[in-house]
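Below is one structure, written out as structure tokens, with a few remarks after it.
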Amino acid sequence: MRAVRNQGFRRLFVLSFVGIIVVTGLASAIAVGVIFYSLRQQGESLPKVEQQVDDLQRYARSHSEPLLANDEAARSKWERRVDAADGVDYVVLDRRGDFVSGDAASFSLPLTARELAERVNEILVSDDYREETLALVDDGEVSGYLLLKYPLDNSALSTTQRVALISQVALAALLPVVFLILATLVFAWRLGRRINKPVGELRAAVEKIRNRDLDFSIGYDKPDELGELCRAFEDLRKELQESLTREWRQAEEVREMVAALSHDLRTPVTVIQGHVEGLMRAGEDKRAQRLERYLRVMEESSHRIMKLLDDIMLVVNLEQTNFSIQPQPTDLTREFARKGAAYGLRASEHGMRFELEPPSGNGERSGEVYIDPHRLEQMLDNLFENALRYTPTGGKVTVAYSWDAGSLCVAVRDTGPGVPEHEVPRIFDKAYRGTNNAADPNTKKTLGLGLYISKLLVETQDGEISARNLPEGGLEVTFRLPLRGSAPIRPPGSFASVAPEPGSRYQTD
1 MRAVRNQGFR
11 RLFVLSFVGI
21 IVVTGLASAI
31 AVGVIFYSLR
41 QQGESLPKVE
51 QQVDDLQRYA
61 RSHSEPLLAN
71 DEAARSKWER
81 RVDAADGVDY
91 VVLDRRGDFV
101 SGDAASFSLP
111 LTARELAERV
121 NEILVSDDYR
131 EETLALVDDG
141 EVSGYLLLKY
151 PLDNSALSTT
161 QRVALISQVA
171 LAALLPVVFL
181 ILATLVFAWR
191 LGRRINKPVG
201 ELRAAVEKIR
211 NRDLDFSIGY
221 DKPDELGELC
231 RAFEDLRKEL
241 QESLTREWRQ
251 AEEVREMVAA
261 LSHDLRTPVT
271 VIQGHVEGLM
281 RAGEDKRAQR
291 LERYLRVMEE
301 SSHRIMKLLD
311 DIMLVVNLEQ
321 TNFSIQPQPT
331 DLTREFARKG
341 AAYGLRASEH
351 GMRFELEPPS
361 GNGERSGEVY
371 IDPHRLEQML
381 DNLFENALRY
391 TPTGGKVTVA
401 YSWDAGSLCV
411 AVRDTGPGVP
421 EHEVPRIFDK
431 AYRGTNNAAD
441 PNTKKTLGLG
451 LYISKLLVET
461 QDGEISARNL
471 PEGGLEVTFR
481 LPLRGSAPIR
491 PPGSFASVAP
501 EPGSRYQTD
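Just so it is clear: in the sequence shown, position 52 is 52 by the UniProt record's numbering, and no numbers are missing.
If you want it as structure tokens, here you go:
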């Protein structure tokens, strides 16, 4: 078998050597013929300089405005035409004789407007060059001048033709080297194709494992040494897939949770930063007035940051992804009033209006229900920040809420661009990337993780969340949470207009 292979390699080498000689000779002969033919064609079609100058003058007359405006695109087109006319220099001057563009060094400048007017349509001959002055007319008035300078000799090849000639000569010189390389590559391919497939599969397998992708198989199964290596690698892959898939899944869940909580930290940090900047920009009198109120809001935001950091540490330490729900007696009226005050300040900082729509009715009522106030605050903050991000300056964000003995219903509305109808069912997906631009130009085209986090929080509490575009414009996000406890909170019948269908707009009496 080895003798047969050696014979094949020897034969391949001889054929390659002969091929190099034959192909190189043929290619060289063809290249020489092409060069002579090209020279002949160039000699027959050699353009006259005067004709080229006439073409340039016609083009300048029809494009005088962009040439004088020094428009980059127009100048680029003009200079390509000038370059095609070999040996032609130009300069563009305005009506006062001030330089606009071109090669000023090739002309006797400066020239006054009177001198330019006297030289219009005259041909000045100096040494071996001619110089012409063309008036550029716009709406019947002279708006500038074009000076062209070109050689008297018409026999020179243009730059394009010279480049073509040099390229052909260089090609003829390089052809033997090129075909030598090609023949060598073919010979190497014949030798290497016996091992390219298994080695390529192993290399691709290593790259996939590096990218944490074990969903593949190695198909090379020949009865040789490389086949045995591939089979051993396939067994190793299966073992890795079984042992690492579980670890990767757990790690991915932890990363997703940490990313979601990290995103949720942005809201309180932004609130603190905004209030600090407000205090720094305020005068002494206003700063004293705002200090206590701002410090209270910043303290609340800092407490929330600590709570979120505690949640992150808990998730990492316990390797779990579920949120802890801790219902406790909560005064909803006071909670929403507190958040409304913070949201009002936040909206005013962005040049927007905020409105809090409390439940209707005038009777005395207790707003205390069993709910997790921290998770409720997370959902409200995420939905408010999302609405604020997509509401233009001068717009309005509204938070409406109502509850009865069985559930709490909250609707967050904005006056932004809304969401394309075909994307509404997907806005709560973690991987969703919206197509509508946010009001903030620095915001990416996405609703972010806020809606996804809100969805997780609602579903963790056995609630429902939905969204819809409002007829008058904007987006409304509504969520409903079951309330813990059995004591009636409001008088019977006071929630007839509450508890709309998922996605419907909250209405008050």
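Cβ coordinates follow ideal geometry from the N, Cα and C atoms, glycine included.
Three-state secondary structure assigned by DSSP to lysine 222: coil
CB of leucine 136 within 8 Å of CB of leucine 56, strictly: no
Nearest residue (CA-CA) to glutamine 378, options Phe216, Ile305 and His275: Ile305
Bridge partners - glutamate 357, DSSP secondary structure assignment: Ala400
Reference valine 88; option with closest CA among Gly97, Val100 and Phe107: Phe107
Whole-angstrom C-beta distance between threonine 267 and glutamate 385, which should lie under 8 Å: 5 Å
Collapsed DSSP secondary structure at valine 142 in the structure displayed: strand
Helix, strand or coil at leucine 265 [DSSP, three-state]: coil
Residue closest to glycine 344, alpha-carbon to alpha-carbon, out of Glu50, Val271 and Phe216: Val271
Anticipated Cβ contact below 8 Å, arginine 375 with leucine 457, distance rounded: 5 Å
Cut-off 6 Å between Cβ atoms - residues of its own chain near leucine 124, not counting five sequence neighbours on either side: Glu131
Under 8 Å between C-beta atoms of proline 392 and glycine 418: no
Exposed unless 16 or more other CB atoms sit within 10 angstroms - verdict on valine 410: buried
Asparagine 382 versus Asp138, Arg210, Arg193 and Lys455, residue with shortest Cα-Cα distance: Lys455
Beta bridge counterpart(s) of valine 53 as assigned by DSSP: Paired residues: none, contrary to the question.
Of the residues Glu79, Pro358, Val424 and Val91, the one placed nearest alanine 467, counting alpha carbons only: Val424
Cut-off 6 Å between Cβ atoms - residues of its own chain near alanine 104, not counting five sequence neighbours on either side: Val91
Contacts around leucine 291, its chain only, beta-carbon distance under 8 Å, and the 5 residues preceding and following it disregarded: Leu279
Straight-line gap, phenylalanine 216 to glutamate 421 (C-alpha atoms, nearest Å): 38 Å
Cβ pair serine 143, arginine 95 closer than 8 Å: yes
Opening and closing residue of the beta strand (DSSP E) in which aspartate 89 lies: 89 to 94
Of the listed residues Leu265, Arg61 and Ala347, nearest to leucine 309 (C-alpha basis): Leu265
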